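Reviewing the structure listed below.
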Amino acid sequence: GFTIWFTGLSGSGKSTLSVALEERLYHMGCRTYRLDGDNVRTGLNRDLAFSPEDRIENIRRIGEVAKLFRDAGLINLSAFISPYRQDRDMARNLSPREENDFLEVFVDAPLEVCEQRDPKGLYKKARAGSIPNFTGISAPYEAPDHPEIHIRTDQTSIEEAVEQIVAYLIEHGYIEAGLANTPRAT
-7 GFTIWFTGLS GSGKSTLSVA LEERLYHMGC RTYRLDGDNV RTGLNRDLAF
43 SPEDRIENIR RIGEVAKLFR DAGLINLSAF ISPYRQDRDM ARNLSPREEN
93 DFLEVFVDAP LEVCEQRDPK GLYKKARAGS IPNFTGISAP YEAPDHPEIH
143 IRTDQTSIEE AVEQIVAYLI EHGYIEAGLA NTPRAT
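Residue numbers (our numbering): -7 to 178.
Structure representation (structure tokens):
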């Protein structure tokens, strides 16, 4: 298995893209599991807040769970802000380098675009000071230096982004090209 790790600001499109990719991979016959804030922060990591220390521990735990899914042969899609390069590198380095089973996808959108999207009203609350340590406002986001895939969601549709990722997976031997043309019956 392998992990596709989506990183980017809140509102950049990580969850939307990971859901669409998971659906596409499912219809191609791939076995997947998606991790994101909705299914991790309410269970496994419900004891963590958003301090720098808790963010580090959040990503460490997610990285360990992602590795378990990889070891079980699944394609794991992890969609988290994961603002610190060091933490994303730690998640990547849980597997030996030669296995090449961790793909970082930088889901990139300008802060202004993320604020306009803001489906949960989090940026508005952060600007008002009611959410401390909010990434992009009162806490830093460190963009990846060398992501395997870089998607500008303000310039690319979700469908185009999914096809870009699938093309990468085929080109680099993660999935077979024939799978792309044989949708699974639902």
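By construction, the Cβ of each residue, glycine as well, lies at the ideal position given by its N, Cα and C atoms. Quick caveat: nothing in here was measured; it's all calculated off a predicted structure.
Check: DSSP puts residue 138 in a beta bridge; with which residues?
Finding: To locate residue 138, count along the sequence shown from 1; it is residue 146. In the DSSP output, where bridge partners are listed per residue, residue 138 has none listed.
Notebook entry, point to check: At a cut of 8 Å, does the stretch 12 to 27 reach the stretch 63 to 78 through at least three beta carbon pairs?
Noted result: yes
Check: Does the distance from the CB of residue 180 to the CB of residue 101 come in under 8 Å?
Finding: An answer regarding residue 180 cannot be provided, because it is not within the stretch -7 to 178 covered by the chain.
Next item on the list: Going by CA-CA distance only, name the one from 168, 5, 44 that's closest to residue 105.
Entry: Within the sequence shown, residue 105 is the residue found at index 113, counting from 1. Of the candidates 168, 5, 44, the one whose C-alpha sits nearest the C-alpha of residue 105 is 5.
Margin query: Excluding the 5 residues flanking residue 40 on each side, which residues of the same chain have their C-beta closer than 7 Å to its C-beta?
Written below: The sequence position of residue 40 within the sequence shown is 48, counting from 1. Only 46, 49, 50 meet the Cβ criterion.
Checklist line | Beta-carbon proximity check, residue 99 vs residue -1, cutoff 8 Å | finding: By one-based count along the sequence shown, residue 99 stands at place 107. By one-based count along the sequence shown, residue -1 stands at place 7. Yes, the Cβ-Cβ distance between residue 99 and residue -1 is below 8 Å.
Margin query: Between 139, 136, 155, 81, which has its C-alpha nearest residue 52's C-alpha?
Written below: Position 60 of the sequence shown, counted from the first residue, corresponds to residue 52. Ranking 139, 136, 155, 81 by Cα distance to residue 52 puts 81 first.
Next item on the list: Starting from residue 167, trace the beta strand (DSSP E) both ways and give me its first and last residue.
Entry: One-based indexing of the sequence shown puts residue 167 at position 175. Note, residue 167: premise wrong, no beta strand (DSSP E); not H, not E.
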